[in-house]
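Colleague: Residue numbers (our numbering): 9 to 248.
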Amino acid sequence: MPMFILLLSAAATMPVTPPPAAYRDEHTQERDGTKRIVRTAQWSDLDGGLLLVEQKLRPNPDDSLSYFFSEQSLATQLYHHALCEQDGMTAGQGEGILSGPDAIGGWSCEQEGDGHLPVPRLEQEPGSKSSSVGTLLHGDRSADYVFAYAPSGNVGVGENFRAHGSVRFRTTRAGNAEALIGVDNRRCVYRVSRYYSAGTTGSFAPWVNCIVHVPTTVPTETVGCIPWGCATDRGRVVAY
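(1) Below 7 Å CB to CB, which residues in the same chain sit around Ser107 once its five sequence neighbours on both sides are set aside?
(2) Nearest to Pro67 by alpha carbon, out of Arg178, Ala213, Leu86 and Asp33?
(3) For Gly207, I'd like the list of residues in its chain whose CB is within less than 7 Å of its CB, leaving aside the five on either flank, ordered along the chain.
(4) If I follow the unbroken beta strand (DSSP E) through Gln50, where does it start and stop?
(5) Assign Val246 to one of two classes, buried (16 or more other C-beta atoms within 10 Å of its C-beta) or exposed (fewer than that).
(6) Can you tell me which of the three DSSP states Gln37 falls into?
(7) So the alpha helix (DSSP H) Gln85 belongs to, where does it begin and stop?
(8) Taking the straight line between their C-alpha atoms, what separation do you get for Ser205 and Ala182?
(9) What residues match up with Ser205 in a beta bridge as DSSP calls it?
(10) Name the DSSP beta bridge partners of Trp236, please?
(11) CA-CA distance, Ser116 and Val46?
(12) Kindly give me the distance between the Cβ atoms of Gly102 and Arg202, rounded to whole angstroms, as I take these residues to be in contact under 8 Å.
(13) In chain order, what residues of the same chain lie with their CB nearer than 7 Å to the CB of Pro109, ignoring the 5 residues before and after it?
(14) In the structure shown, what three-state DSSP assignment does Glu229 receive?
(15) Mind checking Gly100: buried by the 16 CB within 10 Å criterion, or exposed?
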C-alpha cells in the first residue's frame with residue numbers, strides 16, 4: 009500500500025463506508041463568518057481501489073465552488089500531492105473552480121518547463137486515451153503556443169468516473185494561463201487559472217469527477233488558454 013495512504017489515515021478520520029450518494033456535503037462556517045462546504049467523495053486510492061477524500065470548497069455567487077490547496081486539511085493535501093506525483097507533476101496552487109449540476113469534485117496538477125506531459129484518460133479505464141493528437145494554437149508572430157488534449161473512453165452508467173485532460177503552453181506575455189476539463193457540454197467542469205511571468209513554459213492536468221445516469225455517449229472537452237488565446241480539443245465518453 010502506498011505510504012501516502014497510511015499517512016492519510018493517520019492525518020484524518022474518514023468514514024469506513026462510502027456515502028449512499030455520489031458525495032456528501034457538510035456546510036460549515038469559518039471564525040470570520042465565511043461559509044464553506046466540506047465535500048466527501050470517492051476518488052482512486054492510486055492502488056486499484058477507492059478512497060473517501062474531503063475537499064473544503066468556497067461557495068460562489070454563481071453556484072460554482074472554489075478550491076484552494078492552502079485551505080485543505082493535511083490529509084487532502086497529501087492526497088492531492090500523491091495524485092499529481094503519479095504523473096511527475098505537483099499539486100496545482102492556483103484557484104480551481106468546480107461547476108455544473110453533476111460536478112462532484114476536481115483537482116489540478118501543474119509543472120513548469122518541458123517535462124513529460126501526462127496522457128489524458130479516464131482514471132478507472134486503463135484503455136482510455138487522448139481523443140487525438142491534440143489541437144494547437146500558435147501565434148504567427150511569437151513563440152507562444154498552447155496544446156490541449158481531451159480524454160476518450162468507456163464508463164459504467166451510474167458510476168462516478170474521473171476524467172483527466174492535459175494542456176501544455178508557452179507564453180511570452182505575462183498573465184494568466186488557464187486549463188479546463190469538461191464533460192457532457194460542461195455538465196461537469198473543473199477549471200484552473202494561475203498567473204505566470206513572461207517566457208514561461210508549463211503544463212496543466214485538470215481532473216473532474218462526474219457521472220452519467222443513462223446509457224449514452226457524451227462529449228469531453230479540454231481547453232487551454234494563455235494571454236494570446238485558447239486551444240480546444242474534444243473527445244467522447246461512452247456510458248454503458
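All C-beta atoms, glycine included, are put in the ideal place defined by N, C-alpha and C.
Just so you know, these numbers come straight off a predicted model, no measurement behind them.
Modeller: In terms of the structure at hand:
(1) Ser72 and Val197
(2) Asp33
(3) Thr180
(4) Lys43 to Ser52
(5) exposed
(6) strand
(7) Leu82 to Glu93
(8) 4 Å
(9) DSSP output for Ser205 lists no bridge partner at all.
(10) None; Trp236 has no bridge partner.
(11) 18 Å
(12) 3 Å
(13) Arg195
(14) strand
(15) buried
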